[in-house]
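Everything on this sheet refers to the single structure shown next.
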Amino acid sequence: MDSRLIHSNPSSRCDVKGENNGDGEDSSKYPYVSALCMNGGDGEKSYCANSLITRRVLSMTKPVLVKNTKEMFTNLDFPESVKVADFGCSSGQNTFLVMSEIVDTINLLCQERNQKQPEIDCCLNDLTGNDFNAVFKFIALFKKKVTREGSCFISGVPGSFYSRLFPRKSLHLVHSVYSIHFLSKVPDRLEKNNMNVYITGSSPLSDYNAYLNQFQRDFSTFLKMRSEEMVSNGRMVLTIMGRNTIDNPLYRDCCHCWTLLSNSLCDLVLEGLLSASKVNSFKIPFYDPTEEEVKEIIREEGSFQINDLETHGFDLGHSYEDCIPQSGREGHKEAGCIRAVTESMLVAHFGDSINIDTLFSKYAHHVTQHASCTIKTTVTLVCFTDSEINLVFPLVVRLSNKFVSFHKF
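Residue numbers (the numbering used here): 645 to 1053.
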């Protein structure tokens, strides 16, 4: 596939009563899910300009990626060609930060071992609505940075990672950051939830079970698809937003990103700017698992065995080092990040009735109001896996402090 196959994409406290990838009930009830993609382009509201958090996470997981790239390449006895895939590459240059680390690591290892440089096929995957043009504009810069004796090829692979995307036994290294927590669909049979876009402490337990069940199905499917596509002794590194393990599965703190979005939408309803029923029918196709839930799914799916897992606390709102505390800038930064992720779905659902600028001005205000919040439910979790007895893939999820690896049987 070449760069011509690209599709640009433009960029609770309220008790008021009011092509997705799945099928069944959600196909008609939540049609906006098919619009899920990050804001394209490189403007002020784009994902490219609002993905500093992802870059910080990529920096945090760099040692894991480098270690597993070296082990994969060595265990495969320095193959002449290597195929690498980034699932959920989004728009902008973050995906090339990953590819640069992989290519540079292989390059350096070959120099150290006096081995011939391999040809490296870098495959960038995301949904068909993704702005691949905003990705491929960085190809020249990427190739200049990793200039070497060997060859490096870039291709776009549009499609859901909950399906097969590559030939059997063709992938050597898989990477994904902050993508697997997005579900293929909004769960079926959710209760009316007082205008909350996601689980809160006031949600019925049945909603938690519905989200968990959907994540179990989707993540199991992801693991099965990748197990068919990976070569023996290949590796996988995934990063997912998750939560700390606590007794109450409904608990999400007051400054959880989706709680803040619910509050902001509720503000617009109270001001007569949005319909309560329309807000009540908007749900985020997302799930933040605990470490235990991830482990259980891996065990039940059966393709991999857990060896090690690492989790890191990672605060969304405090991840902007250039923000002055209490200045309000951190609120606008976080609002910009969430806007870049959700705007496509919000516009698809609400249409002209919603003023996106006003909504995220409210969001920034709520972030600032909770600037002193120190109890966070979001964390980052890293897993390592083996595809066949000696095969290892790393997996990263946003959860607290441990490493997990698993083997494929």
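C-beta: ideal position from N, C-alpha, C; glycine also.
Under 7 Å, do residue i and residue j count as touching if we go by C-beta distance?
i	j	result
I950	S864	no
S735	G773	no
T739	M885	no
L753	G800	no
S988	A679	yes
L882	S820	yes
G732	H816	no
Grab the span of the beta strand (DSSP E) containing residue i for me, first residue to last.
i	result
E763	E763 to D770
V818	L815 to V821
I need the straight-line Cα distance from residue i to residue j, nearest angstrom please.
i	j	result
K939	L849	21 Å
S814	L1025	27 Å
D1097	C766	This structure cannot settle anything about residue 1097, because the visible part of the chain is limited to 645 through 1053.
K789	Y691	23 Å
T705	K922	39 Å
V991	F776	20 Å
K829	Q755	46 Å
F930	C981	16 Å
L867	F826	15 Å
E763	R812	19 Å
L904	Q860	26 Å
K836	N924	7 Å
A979	H900	12 Å
Q1013	S823	28 Å
E944	V710	29 Å
A854	H993	22 Å
Q759	R887	43 Å
T844	D851	10 Å
P802	G975	33 Å
Could you tell me which of the options sits nearest to residue i, measuring between CA atoms?
i	options	result
E872	F948, T698 and C733	F948
T934	R943, P893 and E945	P893
T749	N769, V726 and L771	V726
V1011	D832, D897 and S703	D897
V818	G975, G946, R870 and H1009	R870
M682	P675, H816, N694 and K673	N694
L771	L753, E745, Y855 and L809	L809
N907	E944, M989 and L1003	L1003
Y674	L856, G732 and K927	K927
K977	Y676, V677 and E688	E688
M743	L856, F782 and R757	F782
Need the endpoints of the alpha helix (DSSP H) that residue i sits in, please.
i	result
R870	L849 to E873
L894	Taken as a continuous stretch (DSSP letters only), L894 belongs to no alpha helix (DSSP H), as it is neither H nor E.
G975	R973 to F994
K789	I783 to K789
V830	Neither: V830 is in no alpha helix (DSSP H) and is coded neither H nor E.
S799	Segment C796 to P802 is the beta strand (DSSP E) holding S799; no alpha helix (DSSP H) there.
S1005	I1000 to Q1013
I941	E935 to E945
V779	N777 to F780
Taking only runs of the alpha helix (DSSP H) that begin and end inside the stretch 692 to 775, which ones reach a length of at least 4 residues, in chain order? 696 to 719 and 738 to 757
Run through the stretch 898 to 932 for me and flag every whole alpha helix (DSSP H) of 4 or more residues, listed as ranges in chain order. 901 to 914 and 920 to 924
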